[in-house]
Amino acid sequence: MGDQRITPEEGEGLNGSSPVSISTLFREEFPHYMVMGMTPEEYWHGEADLPVYYRKAEMLKRSQKNQELWMQGRYIYDAIIFAFNADAAKTNETGYLDEPYPITKEESEERQRRLEKAQYERDLAQMKALTDAWNKHYESEVREDVG
Amino acid sequence: MAKINIGYGKEQYVLEYDRESVEYMINRGLTRDEIVNNPFSYPELFYGAFRKHHPFVAKKTTDKIWNEISGKENLVSALIEMYAAPINALISDPEEGNATWEINE
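Chains as they are written, first to last, in the working numbering: chain A, 3 to 149; chain B, 58 to 162.
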């Protein structure tokens, strides 16, 4: 809702009974609810409590939008950091995120599980490579001794 | 939102206030002060509740129903609640406990 909303403190008719004031409240508030997506039919003839839910939905929408903007800024920030990071450019690393940031707790846990699994597989591969190398070395030493 | 069902003879009426009918009644002079200070305004409050679902019912008819109806005390409380609801929904959030208004008879 915009800055022009009549608040209970300012609303002339809320403590008095001027016929104009409640009508003014209704008419002043009307465009704000239309911006929120409320139809004139819903506003004038709909359930009395509907504006409460429209306001709550508006707050959720704003919060979601705020989250999206923050996220976008974060991605741009990361991209800029990479662009000006000479080391990353030299090593030809992509530098940029492989996937979006997790938003929900579930996504975060799932990502953590994936990262741990990937790390485990890397460790396993490294250990296997070491073992193979050691075996090769050992076999060649044995061969030399026999020879 | 609360509604009141009234049976009168063969007719069934649903009484309810919306923002349009509240504004209409305010323009007819049914202000909050009028309701608080003047019990003679109750038939008018009763009449206004017909507007949403039965806009063509005459005041004469609603007055007749009003005169014959019993349990007026509870009816008036319910009507006042219905009248205040469309206003309160704009000025406050019931869960937030902000300013709302009601009339104590």
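We put the CB at the ideal spot given by N, CA and C, even for glycine.
Checklist entry - Quick one: which chain B residues come within Cβ less than 7 Å of Y45 of chain A? => result R76
Item to check | Expected contact under 8 Å - CB spacing of G48 of chain A and D75 of chain B to nearest Å | outcome: 7 Å
Checklist entry - Around the Cβ of T119 of chain B, are there at least 16 other Cβ atoms within 10 angstroms (buried) or fewer (exposed)? => result buried
Checklist entry - Can you name the residues that DSSP bridges to Y70 of chain B? => result B:I63
Item to check | Minimum Cβ-Cβ distance from A106 of chain B to chain A less than 9 Å | outcome: no
Checklist entry - Beta-carbon of L52 of chain A versus every beta-carbon of chain B: anything under 9 Å? => result yes
Item to check | Short Cβ contact (9 Å threshold) for V79 of chain B with I144 of chain B | outcome: yes
Item to check | Residues of its chain near N62 of chain B, where Cβ-Cβ distance is below 8 Å and the 5 sequence neighbours each way are ignored | outcome: Q69, Y70, V71, L72
Checklist entry - Nearest to A110 of chain B by alpha carbon, out of B:E77, B:S149, B:L147, B:G66? => result Note that residue 110 of chain B corresponds to His in the displayed sequence, not to Ala. Closest option to H110 of chain B, Cα to Cα, is B:E77.
Next on the checklist: On the DSSP letters alone, give me the boundaries of the alpha helix (DSSP H) that S65 of chain A sits inside.
Outcome noted: 52-85
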